[in-house]
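Protein chains in written order, with our numbering: chain C, 1393 to 1789; chain R, 24 to 369. We put the beta carbon where it would ideally sit given N, CA and C, even for glycine. In what follows, a structure is listed as structure tokens, so that the remarks can point back to it.
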Amino acid sequence: MVKKTVLVLCIICFFVSLSSICSGKAFGAAKPYIFGLLLVGPYNDRGYSQSHYEGGKYVEKTVSGTKMLYIDKVNPGDRPGVTIPQLVDDMVEKGARFIIANSDDMKDGIREAAFMHPDIYFVHCSGDDVLTGKAPKNLSNLFGRMEYGKMIAGFAAALTTKTGKIGYLGPLINEETRRLAASCYLGAKYAWEKVLKKNSNDLKFQVTWIGFWFNIPGVTADPTQVAQNFFNTGYDVVVSGIDTTENVVVARQKRMQGKNVWAIPYDYEGACEGADDVCLGVPYFNWGPGYVRLIKASKSGNWKSEWLWLDPDWKNINDHDSSSIGFAAGPALPSKARQHTDDFIKRLGTDKLNLFKGPLYYQDGSVFLKEGEVATDKKIWYMKQLLKGMAGQSGTL
Amino acid sequence: MRKFIRYFFGIKLTLIAAFSFTTLILLLSGASPFAAYYHIFKGSLGSWIKFAHVIAAWIPLTLCACGLLYTFRIGLWNIGVEGQMMMGSVFTTYALRLGIESHHPVLFLVLSFAAGLIGGGIWALIAGFLKTKGGVNEIFAGLGLNFVAQGIILWLIFGPWKRPGIASMSGTALFPPQLWMPYFSSIRLSPVALSLALIAVILTALMLRYTRIGLSLRAIGNNSHAAYLFGLKPGRYMLLAMIFAGGFAGLAGSIQVTGVYHRLLPAISSNYGYLALLVVMLANYNVWIVPAVALFFACLNVGSIQLPMMLRLDSSLSGVIQGALVLATLAVHAWQIRSKDKKWVN
């Protein structure tokens, strides 16, 4: 009996002592403006989620008095049983007043949470709830115009390929991924026809989708295998559309086996690191400026529900303070191709060059843009199929 | 109440073993064990909202565990409970899809629960038939069927049930709110789901203790040959136990669809089935202990999300604790039996 009582007392003492440790932390220091970040993948994935993580760090550095709270691997595969509204509840409890959801996959969850917490500001990256009118007043959408980044990637890929076969490692199929794959193709086609003066029918552009933003063993197709398959079947440049860098890893392996292959990763500026021999460059997101704009608006009371699709800063697309997307040329890009690429970027920034200009056709032959027609934002955003000339599933077929 | 106290003091050796192991791992990974336990505790029982999240995890876990009590009672290892839960959610989704345009959402919600029950039951019955008629061990049959169920879900999500214009493994389209299980919006907890779980516990307790079925299950589980000679048909009772297990698991699947995710996704079962196996073993197959252990496991599951958020630790630590607990239970149990045997020999 004595033993039992002692044990119970010990347990009680244990928890009481803990609570005193932690309440001590709350004293002192001005209250920071806490913002929460929900990342779909690991914060250090060298891809999409890491680019957001760096964006959050940039906010902490740039906007004084802000503090980031983040949770990564927010997807039902990695965190079974955990839902977006639950995580938002928790972050709000911890004092967050501004919450960013970084993935397309969180669209429904973050809208539900936004309705439940009308006093908290929400940002959903890549979504269109504001456009479709489904968003409450405290929810905004933010995305960079990665179309340009993908065009540059496609351009560099087409200049480099020796076999004329470019593989595109696609994630899942939706409007966003269709328009990004299509942009990549448009860039490649432009280089092929205008720079190399070749017949566009000789350019093979194959899109293979894995089913999600990154590999989930047993659920998606394995991106490593898809990339290997590309390289084994004569595709010598593989452009990634997924959140992680499998295509670079596989390209390096093939390079070590003596194959002449290249890769273009995606999302994160540092994705080429350690792959100097194969990496042609990376189109990447720079979330900092967009985040800062929205957080400042929320802090100063100038918030309004917006759909932001931010441009690169054409003066210098790699300016971290102003450009929402960029392209970091890789060491493997030959110097002549690099010059062409730089010229291409310059021309994209002027009104002279618009690759989303008709005539362009969908994969099934129907008209996407009539002769001379320039696509509106909405038309690009809501592309229904891949373009004619691209091989691969469109999702609607 | 006495039973609880006796149980908890009975397993103190287990607890000590499991927590020393986990603490060791935490120390090795360079984290403060106290901070980790504190955050798990605070993250699961620190507020009413968090407690509601815990209950949301407790409900499917308890339902699966209740089902497993029937199969364990008759001596079957129904590892296929995970797949039964998945099939429950597939059938539920099917029923709800029929009701999207309907003006009687409640009717379709009820139907979807019935469908979930049937789906889980059928899946369990297949494993049961393989066992009784085909002589296939229920562990292998169950594991195989789990993979098949997962395959079916993936195929449905990427194929026939995909969202228009979209092909993504993230799941089917969200159901309209009228087809969500009614819940208290402030704490996001469904009273219907909670009552279902409580009813399941009580029903299971009554069935196992006071009915002929319960007695027969136990008789066959203890000595199937003797029970057979006594006139009981083990095969038939095995199928019955499987139907119960599958039905409860299917119901848990229904709740995951209608109450938690509001759609079908690849990870719909959230590993609750496998976790329920551990719960039941740790609860020493006692129906009254099961809810308590399930609550503890639910706390670990919900609270562990704090580890990456507050301490930058991987949240799989909760899995380590859960696994260590079960292994420790088995080890301590074996050790106790051995020392008893030794005493007897001496």
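- Along the length of the segment 295-327 of chain R, whole alpha helix (DSSP H) runs at least 4 residues long occupy 295-305 and 313-326, reported in chain order.
- A direct Cα-Cα distance of roughly 12 Å separates residue 1615/C from residue 1657/C.
- Distance between residue 1620/C and residue 1642/C, taken at the CA atoms: about 6 Å.
- By the C-beta density criterion, residue 1575/C is buried, having at least 16 other C-beta atoms within 10 angstroms.
- Burial check for residue 157/R: the Cβ neighbour count within 10 Å stays below 16, so the residue is exposed.
- Rounded to the nearest angstrom, the gap between the Cα atoms of residue 1734/C and residue 1740/C is 10 Å.
- Taking the Cα positions, residue 1781/C is about 13 Å away from residue 1759/C.
- Contact of residue 1485/C with chain R by beta-carbon distance below 9 Å involves 69, 70, 72 and 73.
- Listed along the chain, the chain C residues whose CB falls inside 9 Å of the CB of residue 328/R are 1463, 1471, 1474, 1478, 1479 and 1482.
- Only 279, 283, 284, 285, 286, 288, 289, 290, 291, 292 and 293 from the segment 278-293 of chain R bring a Cβ to less than 9 Å from some Cβ of chain C.
- Listed along the chain, the chain R residues whose CB falls inside 7 Å of the CB of residue 1612/C are 192.
- Among the CB atoms of chain R, one or more fall inside 8 Å of the CB of residue 1500/C.
- Close partners of residue 1448/C in chain R (Cβ separation under 8 Å) are lacking, with about 13 Å as the shortest Cβ gap.
- Secondary structure at residue 1520/C: coil, using DSSP grouped into helix, strand and coil.
- As DSSP reads the structure, residue 1701/C sits in a beta bridge with 1535/C.
- Going by DSSP, residue 1458/C is part of the beta strand (DSSP E) stretching over 1458-1463.
- Under the 8 Å Cβ criterion, the segment 105-123 of chain R does not count as touching the segment 224-244 of chain R, having fewer than three qualifying pairs.
- With fewer than 16 other Cβ atoms from the protein chains shown falling within 10 Å of its own Cβ, residue 233/R counts as exposed.
- In chain C, no part has a C-beta under 7 Å from the C-beta of residue 120/R; the shortest such distance is about 17 Å.
- Between residue 62/R and residue 345/R, the C-beta gap is not smaller than 8 Å, which leaves the two residues out of contact.
- Of all residues in the segment 156-175 of chain R, the ones placed with a Cβ closer than 8 Å to any Cβ belonging to chain C are 173, in chain order.
- Excluding five sequence positions before and after residue 1754/C, the CB atoms of its chain that fall closer than 7 Å to its own CB belong to 1760, 1776, 1777, 1779 and 1780, given in chain order.
- In the three-state scheme derived from DSSP, where H, G and I count as helix and E and B as strand, residue 92/R is classed as helix.
- Taking the beta carbon of residue 1776/C as reference, the chain R residues within 9 Å of it are 188, listed in sequence order.
- Counting only residues of its own chain and dropping the five nearest sequence neighbours on each side, residue 41/R has a CB closer than 7 Å to the CB of 344, 347, 348 and 351.
- In this structure, DSSP gives residue 1600/C an extended state, which the three-state scheme calls strand.
- Shortest Cα-Cα distance from residue 261/R to any of 64/R, 54/R and 160/R involves 160/R.
- The residue among 1552/C, 1502/C and 1610/C with its C-alpha nearest the C-alpha of residue 1490/C is 1502/C.
- Each residue's CA atom was taken as its position, placing residue 135/R and residue 214/R some 17 Å apart.
- Contact between residue 1428/C and residue 1611/C is ruled out by a C-beta separation of about 27 Å, above the 8 Å threshold.
- Taking a Cβ-Cβ threshold of 8 Å, the residues of chain C close to residue 331/R are 1463, 1464 and 1465, in chain order.
- Residues of chain C whose Cβ lies closer than 7 Å to the Cβ of residue 43/R do not exist; the shortest such Cβ separation is about 14 Å.
- Residue 208/R reaches chain C at 1508, counting residues in chain order whose Cβ is nearer than 8 Å.
- Annotated as distal: residue 1492/C and residue 1774/C, with beta-carbon spacing of 8 Å or more.
- In the structure shown, residue 1595/C adopts coil according to DSSP, grouped into three states.
- Just so you know, the alpha carbons of residue 297/R and residue 254/R end up roughly 34 Å apart.
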